[in-house]
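In our numbering, the protein residues as written are -16 to 90. Following: one structure in structure tokens, then a few remarks.
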């Protein structure tokens, strides 16, 4: 339930938050991390808030993983595969995004 159905139900909210996100903009590395954190952490906490104890931690992890894998990672992958991203010119933006993704994934 928490790994499949809850992320599917939250998909429209997540997609609306990601619609204007430009992950490789240098000035918004911190904003990217805040956006990913708000989606992965805050939204998941609200979705599984009726659970209790150890089950809540497991349910939250399943939901976070589902949202991260289904929405955030494909968006980042699409950005890196875009012809608009130049790996020689946009190194700083790419590294900042990579570091932000690692920090969010560890949470």
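Just so it is clear, CB atoms sit at the ideal spot from N, CA and C, and this is done for glycine as well.
Looking at the secondary structure, which residues open and close the alpha helix (DSSP H) in which residue i lies?
i          : result
residue 58 : 56 to 64
residue 85 : 74 to 89
residue -4 : -12 to 1
Are residue i and residue j touching if we call contact CB-CB under 9 angstroms?
i          : j          : result
residue 59 : residue 84 : yes
residue 50 : residue -5 : no
residue 48 : residue -3 : no
Rounded to the nearest angstrom, how far is the Cβ of residue i from that of residue j, given a contact under 8 angstroms?
i          : j          : result
residue 15 : residue 78 : In fact, because the Cβ distance is near 12 angstroms, the residues do not count as touching under 8 angstroms.
Three or more C-beta pairs closer than 8 angstroms, one from the stretch -4 to 6 and one from the stretch 14 to 22: is that the case here? Contact between the stretch -4 to 6 and the stretch 14 to 22 is present, because at least three Cβ pairs lie under 8 angstroms.
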